[in-house]
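Heads up, the sequence shown is in the working numbering, so the first residue is 34 and it goes up one at a time.
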Amino acid sequence: MIRALALWLVLVSSAPAFGGESAQTASPTTSETHSFALLSDGQHLDFGPLDERIPSPAKVLGYELGSRFTPQGRILAYLDVLAKASGRVRMWEYGRTYEDRPLMLLAISSEENLAHLEEIRQRQLILANDPTLGQEEIEELLRSQPAVVWLAFGIHGNEPSSSEVVLAAAYALAAATGEWSRRLENLVVLIDPLMNPDGRERYVQAFTQRVSQQPDPLGIAWEHEEPWPGGRFNHYLVDLNRDWAWASQEETRARIAAYRRWEPQVYADFHEMSSESSYFFPPAAQPILSAIDPRTLGWLERFGRTNAAAFDRQGWLYYKSQNFDLFYPGYGDSYPALRGAVGMTFEVAGGGAGGLVLERKSGDVRSLTDRIERHFTTALTTLEVASEHRLELLRDFAATRRRAFAQNPRTFLWSPEAPEGQSLARLLETHGIDVGQLANDVRLQVSTFSESKPREIPLPRGTYAVSSAQPLGGLVRTLLEREAEMPAEFVREQRQRLEKNLQPKFYDITAWSLPLAFGIDAWVFEGEVAAEELEEAEPRVAPELRGEGRLGLLIQPQGLAGFRLAARLQSEGVRYRVAAAEVTAEGEVFPPGTLFIPQLDPSVEAPAEVEELLRDLGLSGRRLDSGYLPGKVSLGSDEMVAVRPPRIALVGGEGTSPPDHGDLWFLLDRLIGLSYSRLDLQQLSASRLEAFDVLILPDGDGYSGLDSELGESLVRWVRQGGFLVAVDGAVPWLRQLGLVSFQEWQPEAVADGGSRPPLTGALDTPGAALAAESSAGHPLVAFLPRPTAVLARGERVLLPSGDPRRDLLTAAGVEPVLSGFAWPEAADRLAGSLLIGLEPQERGRVLVFANDPAFRLFWRVTLPVLLQAALHGPSLAEAGFLD
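Laid out in structure tokens, this is it:
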């Protein structure tokens, strides 16, 4: 039997019924016998006297917190009741999810503060963004300014306790009297109650449908098993707690916009972890980004010690300074820290398998109520610290936002003609980073990402320029520098773990330089460069259609925009051709992958509309008046391949990786907008395969368990002309089927016939960027940018065949690691390895990616290869150019 509620109201005298307008406007009254308590194994933590007019969650919902999971709609309904009942609470919508659920934000503070909420917000932005303020002006601003604390709940939908905590915390703060009334005078508390409502509803509905009348604590019970894809992710199966820096998702962009409107001093992110663990709170583990201010680290220590004292009083176990680091910039603690806030993660044992009640290996039973208790305690303790140290927090925040101006400035520059150059500029602007463009041609002494030795080069008007001398200078350096500095002591400790055959503690990837990820060879100038603010609607280098001819248009590959064009042409039935070889026209050289749109073709009903589409997509091109071109290839040559729109399918479901499938899904659906279908891996069959020309298999660990009949059907489909794209974990299965011959690296054999195993973990690459070399002139890769950087993760390494027609992209043979961390053993093994390979199979083809080409939707370099294969691969193969 589940033990009784740990979060409850003791009602000695009956509370009056909730009544509309009178409850909104009347002054609060209290009852000393009406108290809110947290109970744990017979202990309790009194919150203090409460305003008896404010309805409790149990009164509105009809059940006690912790007895079931609360659906999103009922959470918002209670919070709406709370906002109407209390003069301390306001709630508004700041965005919508892909499934059209609202993203809400609550502000809770004293009634006096809420009456001046907009003034407080404006002062926050002045404090954060105005570097001209003197210290006296700052002190005057801080004199009456409350600290802003943002409490964030539920970014992972299958970590459901945090959004239950919202109901308890919001009620406690809205109804509190006494000491907490004074504390709220020092604070504006922002509560993000449901950061990922789509994922949470997926989890809650699945659990509710499986749970019995009496929840089962047995860990292997069905209710503790999440169906694919689980509730962790959003609609497109993106991990929103890895997306802060890349802002690929609508939820993230809306949240960053809301964040920028407030720039809080404290950001606390509430999570769940393994049910066998205890509780984590700051200080964070190493490694920690060097751009995070030491003052922030000091606050992490202070918040951690106070939370530890609260847990000690309850006899609860916890840990700190382990596992959860501050190195990857896309977390909900590191990203706020890079903006000057005290960013913190709180993790309670539970997770998706926790359910309502779970028996752990030790034999003790943990309930949802246990998780609510602990998160409630850290949330309120964090607010208490922030309230008591309001002025110090504000001063340190102001100093942190001005830190970059005291450092030697560095300016990052890139060409306005870089295919993804404008996309990079827009992403930085999403974060509130100042992006400029050169108003005139200049010459500067710069280093580049491909050459570290400085040299003087001419930079044209319109060159993008981003200086680190701005309030978000630390974020600028973190996102744009080629290398994030890994603390030497941390590396030594991990090497010692290796030598003891222990796994190193790299929590996430170690390379994310945005110029490398976007395929841009950026320039770095040590100093500041005069640049004008980027005009959002009018880039200095606008797309241009050159020439006057009416015969047709040549459009060279220009990042993802060129594939958006191809997808649009196919969907509208416009016939076009793709170049399988280099084309020269009017003195310009157009690489393989160039598109030719014959404007006199009957399928082009309105040539002017096609040109308008090019401008909308930001694409440049050349009009032609003759098909007689100076090079070997003319418009009517075999190398100008007529494109037959392919029927494309993306496989997902049980056995595939949800985030890897999600990356590809979002790419096809939102970034490109092409026509495709999604298929369930477990339902694939010969008849279903026959409906498609292109099949994409994402990474996953469930391929080897598929039945042999499906494997035979897939082999027939490929050899009869199918175009198969396989990513990472799908490759070994295809090797078993005989569709892939690229071998995996194996340890060297030793004299006794065995093998020499490397140190455990030394071959596992924690997300390092590799310099890559492409097969010259091949129509699937010839348009890749220089430098080409590919993100490598994990232990699997493929060996090249030695045939340049098959080895499309390989890692550099010497010093392959451009950015990020790899052990010497891994770097040696990665040198010269296969990154993208092509396997001819009779009439069909298999394209192999050693790593996810759409990783987290920010590493864009090899996306064009996947898209070229999906949109044009069958036509190029049929024409004989992929042999």
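From the three backbone atoms N, C-alpha and C, an ideal C-beta is built for every residue, glycine too.
Three-way DSSP call (helix, strand, coil) for residue i in this model
{"i": "Thr410", "result": "helix"}
{"i": "Trp295", "result": "coil"}
{"i": "Arg4", "result": "The chain is shown from 34 up to 916; residue 4 falls before or after that span and cannot be answered."}
{"i": "His257", "result": "helix"}
{"i": "Gly669", "result": "coil"}
{"i": "Phe629", "result": "strand"}
{"i": "Ala910", "result": "helix"}
{"i": "Tyr352", "result": "strand"}
{"i": "Glu197", "result": "helix"}
{"i": "Ala804", "result": "strand"}
{"i": "Thr415", "result": "helix"}
{"i": "Ala202", "result": "helix"}
{"i": "Thr821", "result": "strand"}
{"i": "Ala682", "result": "strand"}
{"i": "Ile588", "result": "strand"}
{"i": "Arg154", "result": "helix"}
{"i": "Asp249", "result": "coil"}
{"i": "Phe438", "result": "helix"}
{"i": "Ala864", "result": "coil"}
Residue i classed as buried or exposed, judged by whether at least 16 other C-beta atoms fall within 10 angstroms
{"i": "Val398", "result": "exposed"}
{"i": "Asn884", "result": "buried"}
{"i": "Lys353", "result": "buried"}
{"i": "Asp921", "result": "Not covered by the structure: residue 921. The range shown for the chain is 34 to 916."}
{"i": "Pro262", "result": "buried"}
{"i": "His67", "result": "Summary for His67: the model assigns pLDDT 40, below 50, so the residue's position carries little reliability, and this model does not support an answer."}
{"i": "Val847", "result": "exposed"}
{"i": "Ser636", "result": "exposed"}
{"i": "Phe918", "result": "Residue 918 lies beyond the residue range present for the chain, which begins at 34 and ends at 916; the question has no answer from this structure."}
{"i": "Trp183", "result": "buried"}
{"i": "Thr165", "result": "exposed"}
{"i": "Asn219", "result": "buried"}
{"i": "Arg515", "result": "buried"}
{"i": "Arg862", "result": "buried"}
{"i": "Gly167", "result": "exposed"}
Sub-9 Å separation of residue i and residue j beta-carbons
{"i": "Pro193", "j": "Leu457", "result": "no"}
{"i": "Glu875", "j": "Gln753", "result": "yes"}
{"i": "Leu712", "j": "Leu683", "result": "yes"}
{"i": "Ala612", "j": "Pro624", "result": "yes"}
{"i": "Phe539", "j": "Gln529", "result": "no"}
{"i": "Phe303", "j": "Ala185", "result": "yes"}
{"i": "Gly469", "j": "Glu532", "result": "no"}
{"i": "Phe482", "j": "Asp554", "result": "yes"}
{"i": "Val751", "j": "Leu909", "result": "no"}
{"i": "Gly913", "j": "Glu615", "result": "no"}
{"i": "Ala412", "j": "Val607", "result": "no"}
{"i": "Ala795", "j": "Ser807", "result": "no"}
{"i": "Arg583", "j": "Asp658", "result": "yes"}
{"i": "Val727", "j": "Gly906", "result": "yes"}
From the options, residue whose alpha carbon lies closest to that of residue i
{"i": "Met377", "options": "Gly384, Glu334, Ala386", "result": "Glu334"}
{"i": "Asp345", "options": "Thr414, Ala439, Pro487, Ala845", "result": "Thr414"}
{"i": "Leu391", "options": "Pro765, Ile253, Glu132", "result": "Ile253"}
{"i": "Asp467", "options": "Met228, Asn162, Ala902", "result": "Asn162"}
{"i": "Asn229", "options": "Val114, Val758, Arg443, Asp133", "result": "Asp133"}
{"i": "Leu5", "options": "Ala599, Asp429, Phe430", "result": "Summary: the structure shown does not reach residue 5, with the chain confined to residues 34 through 916, and so no result is reported for it."}
{"i": "Gln298", "options": "Ala517, Ala180, Glu197, Ser420", "result": "Ala180"}
{"i": "Glu305", "options": "Arg404, Leu896, Ala209", "result": "Arg404"}
{"i": "Ser852", "options": "Tyr127, Thr543, Ala202, Leu757", "result": "Thr543"}
{"i": "Pro879", "options": "Leu841, Gly835, Arg407", "result": "Reading off the sequence shown, one finds Val at residue 879, where the question assumed Pro. Val879 has its Cα closest to that of Leu841, out of Leu841, Gly835, Arg407."}
{"i": "Phe357", "options": "Gln347, Ile325, Ile321, Ser690", "result": "Ile321"}
{"i": "Pro780", "options": "Gly800, Leu633, Arg819, Leu832", "result": "Leu832"}
Residues bridged to residue i [DSSP beta-bridge criterion]
{"i": "Trp856", "result": "Paired residues: none, contrary to the question."}
{"i": "His304", "result": "Glu380"}
{"i": "Trp447", "result": "Tyr497"}
{"i": "Asp358", "result": "Ala318"}
{"i": "Phe756", "result": "Val727, Arg878"}
{"i": "Phe558", "result": "Thr444"}
Contact test: residue i Cβ vs the ligand HEM heavy atom, cutoff 8 Å
{"i": "Phe539", "result": "The ligand HEM is absent from the structure shown, which contains no ligand whatsoever."}
Within-9 Å CB hit, residue i to chain D
{"i": "Leu701", "result": "Among the chains of the structure shown, chain D does not appear; only one protein chain is present."}
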